[in-house]
Amino acid sequence: MANALVFYTNPQSRGQIIRWMLEEVGAPYETQILDYASTMKAPEYLAINPMGKVPAIRHGDQIITECAAICAYLADAFPEAGLLPAPADRGAYFRWLFFAAGPIEAAFTAKAVGWEVPADKQGMVGFGNFDLAIDTIAGAVDGKAFIAGDRFSAADVYVASMLDFLIAFGMLPPRPAFDAYLAPLRERPAYHRAKEIDAALMPKS
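Going by UniProt numbering, the sequence shown opens with residue 1, and the numbers climb by one from there.
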């Protein structure tokens, strides 16, 4: 098929974000499971993503990598799914989608590797410091059902996935604002389908 949708992933990866997004989109897609030590570094996949990382998608002749970019692309490519906000809400949509992909991702990477930005260098770093980044995203979701406007969007898939992952692995202390935002999103049918699919693909111990 000319516009076939192919999803490259590993169930133990950020591919879980895109699995949820694909289930929300509802379009048929093919899944290719890659192994970290072999197929992810094979020439065939490096032609898709030279970084040798997942997830990635191929949609017809388009190749998209990076979770936030994939979410944004799918929302645009499948408008019937309703995952792209109305124009009046696009500012918040893009702002928080890419804030989670930029400052939040960077803040947690720094924390995970034990790197703390010196106080006199925080102005040079996009996320400033860990607490500032977390307080900012907490403020963005506090009291809101959705991150942009009055309906669910691709930005919620990405932001909620990031918060969900970080809380689950003990990298982010729970907060009432996060709990209230995440609870109803975790009840979405597409979220449950995605989790069930990836759980079934996990290596058996």
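Note that beta-carbon positions come from the ideal geometry of N, C-alpha and C, so glycine has one too.
{"Query": "For Gln16, collect the residues of the same chain with a Cβ closer than 6 Å to its Cβ; drop the 5 residues on either side in sequence, then sort them by chain order.", "Result": "Asp198"}
{"Query": "Quick check: what's the CA-CA separation for Leu22 versus Ala145?", "Result": "21 Å"}
{"Query": "For the pair the region 88–97 and the region 137–157, tell me if three or more CB-CB distances fall below 8 Å.", "Result": "yes"}
{"Query": "Grab me the residues of Cys71's own chain with a C-beta within less than 6 Å of its C-beta, minus the 5 sequence neighbours each way, in chain order.", "Result": "Met21, Ala154, Val157 and Tyr158"}
{"Query": "Which residue's Cα is closest to the Cα of residue 213: Lys53, Phe130, Arg19 and Leu84?", "Result": "As shown, the chain starts at 1 and ends at 205. That puts residue 213 outside it, with no answer to give."}
{"Query": "If contacts are defined as beta-carbon pairs under 8 Å, then Ala101 and Glu24 qualify, I think. What distance do you get, rounded to the angstrom?", "Result": "That belief does not hold up - the Cβ atoms of Ala101 and Glu24 are roughly 18 Å apart, past 8 Å."}
{"Query": "Are Ala75 and Leu84 close, meaning C-beta to C-beta below 8 Å?", "Result": "yes"}
{"Query": "Please report the residue range of the beta strand (DSSP E) in which Phe7 lies.", "Result": "Leu5 to Thr9"}
{"Query": "Would Met40 be called buried (16 or more neighbouring beta carbons within 10 Å of its own) or exposed?", "Result": "buried"}
{"Query": "Quick one: residues in its chain with C-beta nearer than 8 Å to the C-beta of Tyr36, no 5 flanking neighbours on either side, listed in chain order?", "Result": "Asn10"}
{"Query": "To the nearest angstrom, report how far apart Ile104 and Tyr191 are at their CA atoms.", "Result": "22 Å"}
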